[in-house]
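So the sequence lines, in the order shown, correspond to chains L and Z. Here the first sequence stands for residues 170 to 703, numbered as in our numbering. Here the second sequence stands for residues 2 to 142, numbered as in our numbering. Some notes on the structure that comes next.
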Amino acid sequence: MSEEPVDVLIIGAGAAGAAMAWSLAETRMRIVCLEQGGWMNPAEYPTTRSDWEMDRLGAFGLSPNGRGRREDYPVNDSESPIKISNFNAVGGSTILYAAHFPRLHPSDFRVKTLDGVADDWPIDYTSLEPWYDLNARMMGVAGLAGDPAYPPKELPLPPVPLGKLGETLARGFNRLGWHWWPSDSAIATRDYEGRAACINLGPCIIGCAQGAKGSTDVTYWPVAIREGVELRTHCRVREITVDENGMASGATYIDEEGIEHQQPAEIVVVACNGVGTPRLLLNSRSDRFPDGLANSSGLVGRNLMFHPYAMVTGIFDERLEGYKGPTGCSIISQEFYETDSTRGFLRGYSFEMLRGMGPISTALFGLSSRRLPWGADHHAAYEDIWDRTAGMVVICEDLPEPENRVTLDPELTDADGIPAPKIQYRLSDNSRKMLDHAAARGIEVLESAGAKETRVEAPLPPAGWHLMGTARMGRDPASSVVDPFGRSHDVKNLFIVDGSVFVTAGGVNPTNTIQAIALYVADHMKKNLDQLFD
Amino acid sequence: MQRTLSAVLDELIPARDEEIPGAGSLGIGAFVETQLGDASSLAASGLTALDARARDRGAADFADLPTEERAPLLDEVAAQHPGFVESLFFHACMGYYQNPAVVTALGLEPRPPHPDGYELEPGDLGLLADVRKSGKLYRDV
Ligand SMILES: Cc1cc2nc3c(=O)[nH]c(=O)nc-3n(C[C@H](O)[C@H](O)[C@H](O)COP(=O)(O)OP(=O)(O)OC[C@H]3O[C@@H](n4cnc5c(N)ncnc54)[C@H](O)[C@@H]3O)c2cc1C
């Protein structure tokens with residue numbers, strides 16, 4: 170079935186696709202976004218039910234392989250110690266994300282110059298700064314001005330409350346003289362642009378029933394749709410098609426009923442995330458592009474970066490009220506963010522404090538750490554940990570390595586028979602050393618905050634939620650997939666705007682930067698519409 | 002089998018206090034049965050073994066054994082049926098720690114988090130005084 174031609178086709182309605190669609194809407198071009206998932210209904214999110222914690226293991230689990238939703242595609246991640254976590258719906262992975270919303274540092278764009286590793290980005294902090302600010306307004310970012318770890322930045326909403334848990338940990342940092350700051354959080358801490366204020370439900374990562382968390386189904390999408398963008402759900406793109414001139418001509422997709430459609434478009438924008446994007450490009454083979462679309466460099470799918478995570482948990486004597494308040498948003502520490510080569514590794518990491526352990530999560534922690542026995546001692550052991558754990562994750566910068574990659578699995582397919590991605594990834598020496606350093610510092614700060622016992626898990630297996638590097642940006646077509654404005658070197662009307670284009674990963678969560686890049690690319694497109702394909 | 006399961010659950014998570022009986026008597030057995038999935042045949046063979054051993058000792062079934070004999074027998078059978086007790090215990094914890102009486106005893110209101118939510122102390126941002134004094138922490142480029 171052939172659809173009416175459109176000016177712009179955006180594939181993927183997650184963090185990046187939403188920002189792109191909203192920004193382009195003002196051009197009044199005809200814009201369609203194809204998304205394989207559907208709209209989520211916040212009124213049905215788990216925290217509206219008494220058995221809410223169970224859904225962490227089921228329908229709102231982290232791995233697409235375990236959720237059993239048709240909208241998901243399977244990922245073969247058996248050859249990676251870090252497993253893929255994502256979500257496929259309007260809003261993409263922001264449905265599950267913790268909304269911890271830091272920016273990259275200026276130094277992150279210059280790692281080659283500063284530290285002699287990987288590559289510099291062809292863009293820098295200053296080029297993204299206005300787009301970070303705009304994104305802060307659109308996503309509704311809460312935070313506190315004055316953080317010495319960053320240049321001054323726009324933060325439209327007051328910071329999330331620290332609570333007793335946050336204060337306890339803050340004191341631990343203070344005793345050591347280490348940096349900490351209330352986290353930048355894409356959370357409406359008061360009513361904001363039609364979103365109700367956060368009421369501290371706890372588990373942001375199973376969907377926010379309050380609608381306070383800035384997932385893009387409640388931020389960019391309603392505005393973009395009001396301004397005329399058409400969002401077509403349950404439409405899974407199989408491949409991007411090309412014409413005889415080597416330009417993208419549109420995409421072939423399959424709807425909910427299994428019917429195949431052809432969507433012609435003048436411009437194609439891919440926003441399927443660091444795994445979905447290389448998968449789609451590699452699936453888009455033709456005589457002209459036998460190795461997949463936009464892949465003359467051979468780099469599509471290569472240089473996959475996660476942020477290797479460690480989780481450091483402490484057990485305290487006092488109750489910390491940690492079951493309430495945003496899971497991943499309280500305080501951040503960047504004491505060890507910038508490179509100090511005396512530490513034995515290059516680049517650095519952030520600490521992100523965690524809360525939100527309900528009764529079942531506490532039991533799971535007890536079981537996995539082997540401190541919750543059955544029998545006579547059960548209750549005393551549970552009492553020791555119930556509401557008395559606090560901890561953090563460590564977000565380590567990963568460096569790009571070509572062997573870490575996304576390919577197509579030779580056998581595995583999704584429900585529509587489209588080849589699924591396969592991940593090959595191993596931890597580098599630098600990452601390993603950084604994780605060790607971070608775990609030791611994490612223990613130190615938890616003890617300083619009063620923890621009587623600590624536990625480390627590193628690398629944290631489900632932490633494949635930051636997906637970067639698989640279609641990197643650069644000036645040289647031989648060593649990059651897209652140019653400094655997100656346009657593919659090989660196909661002049663094909664743009665990529667998700668974590669795939671990251672040159673390096675930084676040591677913070679990526680979504681704010683992913684969206685800032687999407688807004689930056691969209692701005693450049695808008696200003697150059699007449700010579701876009703030159 | 003339900004009687005045996007219930008008695009086993011009472012061993013795994015015993016009475017917490019006078020108010021809250023063991024997991025089996027609290028009725029967690031029905032939940033566990035719905036959750037076992039692939040592990041249900043493992044559970045069935047373990048429970049059958051427990052009853053058989055109990056009969057060897059002259060009791061009608063596991064639940065009929067004197068209470069002090071139950072835990073040691075469970076240990077024995079657990080050793081011979083790897084995974085049996087672990088999977089029951091796992092699901093028992095899932096059911097038990099969402100039970101309204103248990104949740105109340107933990108100091109929470111027995112309700113879903115939404116729509117009432119929770120109050121959270123803003124916390125003392127004065128704690129940042131020293132951090133503010135530290136000066137710029139990011140590198141120039
Ligand atoms: C549990 C969890 C916690 C996280 N916490 C944080 C955090 O605190 N801070 C942070 O910055 N980041 C966090 N992240 C990561 C964050 O969600 C991602 O960085 C972000 O969503 C990526 O945006 P994206 O637009 O590139 O991709 P996504 O948001 O993943 O969107 C991609 C969309 O494309 C669609 N798609 C893919 N392939 C196709 C196809 N072939 N056809 C049609 N549609 C397709 C998908 O269905 C999906 O909706 C977290 C992620 C998870 C899973």
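Note that beta-carbon positions come from the ideal geometry of N, C-alpha and C, so glycine has one too.
Does the beta-carbon of residue i have 16 or more other beta-carbons within 10 angstroms, so that it is buried, or is it exposed?
{"i": "Gln503 of chain L", "result": "buried"}
{"i": "Ile428 of chain L", "result": "exposed"}
{"i": "Gln684 of chain L", "result": "buried"}
{"i": "Ala31 of chain Z", "result": "exposed"}
{"i": "Asp246 of chain L", "result": "buried"}
{"i": "Ala80 of chain Z", "result": "exposed"}
{"i": "Pro477 of chain L", "result": "buried"}
Is there at least one non-hydrogen atom of ligand 1 closer than 7 Å to the beta-carbon of residue i?
{"i": "Gln593 of chain L", "result": "no"}
{"i": "Leu231 of chain L", "result": "yes"}
{"i": "Asp460 of chain L", "result": "no"}
{"i": "Trp634 of chain L", "result": "yes"}
{"i": "Gln205 of chain L", "result": "yes"}
{"i": "Arg405 of chain L", "result": "yes"}
{"i": "Cys441 of chain L", "result": "yes"}
{"i": "His82 of chain Z", "result": "no"}
{"i": "Ala584 of chain L", "result": "no"}
{"i": "Ser648 of chain L", "result": "no"}
{"i": "Ala184 of chain L", "result": "yes"}
{"i": "Ala258 of chain L", "result": "yes"}
Alpha helix (DSSP H) containing residue i: first to last residue?
{"i": "Pro299 of chain L", "result": "294-308"}
{"i": "Pro590 of chain L", "result": "Segment 588-593 is the beta strand (DSSP E) holding Pro590 of chain L; no alpha helix (DSSP H) there."}
{"i": "Ser600 of chain L", "result": "598-617"}
{"i": "Ser502 of chain L", "result": "Here Ser502 of chain L belongs to no alpha helix (DSSP H); instead the beta strand (DSSP E) covers 500-502."}
{"i": "Ile683 of chain L", "result": "680-696"}
So what does residue i bridge to, in DSSP terms?
{"i": "Tyr361 of chain L", "result": "L:Arg364"}
{"i": "Asn442 of chain L", "result": "Bridge partners of Asn442 of chain L: none, in fact."}
{"i": "Thr482 of chain L", "result": "L:Gly560, L:Arg624"}
{"i": "Ser352 of chain L", "result": "According to DSSP, Ser352 of chain L bridges with nothing at all."}
{"i": "Tyr422 of chain L", "result": "L:Val406, L:His430"}
{"i": "Arg656 of chain L", "result": "L:Phe664"}
{"i": "Tyr518 of chain L", "result": "L:Cys565"}
{"i": "Gly633 of chain L", "result": "L:Ile253"}
{"i": "Asn245 of chain L", "result": "L:Lys591"}
{"i": "Lys382 of chain L", "result": "L:Ile356"}
{"i": "Arg401 of chain L", "result": "L:Leu203"}
{"i": "Met642 of chain L", "result": "L:Val651"}
{"i": "Val86 of chain Z", "result": "According to DSSP, Val86 of chain Z bridges with nothing at all."}
{"i": "His548 of chain L", "result": "Answer is none; His548 of chain L lacks a bridge partner."}
{"i": "Val175 of chain L", "result": "L:Ala434"}
{"i": "Ala417 of chain L", "result": "L:Val411"}
Over what stretch of residues does the beta strand (DSSP E) that includes residue i continue unbroken?
{"i": "Thr511 of chain L", "result": "No beta strand (DSSP E) contains Thr511 of chain L, which DSSP labels as neither H nor E."}
{"i": "Thr576 of chain L", "result": "574-582"}
{"i": "Ser135 of chain Z", "result": "No beta strand (DSSP E) contains Ser135 of chain Z, which DSSP labels as neither H nor E."}
Under 8 Å, Cβ to Cβ, is there at least one residue of chain L near residue i?
{"i": "Ala80 of chain Z", "result": "no"}
{"i": "Pro22 of chain Z", "result": "no"}
{"i": "Arg54 of chain Z", "result": "no"}
{"i": "Ile14 of chain Z", "result": "yes"}
{"i": "Arg140 of chain Z", "result": "yes"}
{"i": "Gly118 of chain Z", "result": "yes"}
{"i": "Ser153 of chain Z", "result": "Given a span of 2 to 142 for chain Z in the structure shown, any question on residue 153 of chain Z remains unanswerable."}
{"i": "Pro83 of chain Z", "result": "no"}
{"i": "Ala44 of chain Z", "result": "no"}
{"i": "His115 of chain Z", "result": "yes"}
So that I know if they touch, is there some Cβ in chain Z lying closer than 8 Å to that of residue i?
{"i": "Lys333 of chain L", "result": "yes"}
{"i": "Arg272 of chain L", "result": "no"}
{"i": "Gln503 of chain L", "result": "yes"}
{"i": "Arg364 of chain L", "result": "no"}
{"i": "Arg644 of chain L", "result": "no"}
{"i": "His269 of chain L", "result": "no"}
{"i": "Lys281 of chain L", "result": "no"}
{"i": "Asp509 of chain L", "result": "no"}
{"i": "Glu222 of chain L", "result": "yes"}
{"i": "Gly322 of chain L", "result": "For the record, residue 322 of chain L in the displayed sequence is Lys; it is not Gly. No - not a single Cβ of chain Z is within 8 Å of the one on Lys322 of chain L."}
{"i": "Trp555 of chain L", "result": "yes"}
{"i": "Asn343 of chain L", "result": "yes"}
Taking 7 Å as the cut-off, is the CB of residue i close to at least one heavy atom of ligand 2?
{"i": "Ile612 of chain L", "result": "As far as ligands go, the structure on display features ligand 1 and does not contain ligand 2."}
Determine the chain C residues that contact residue i at a beta-carbon separation under 8 Å, and present them in chain order.
{"i": "Pro275 of chain L", "result": "Within the model displayed, chain C is absent; protein chains L and Z are what it includes."}
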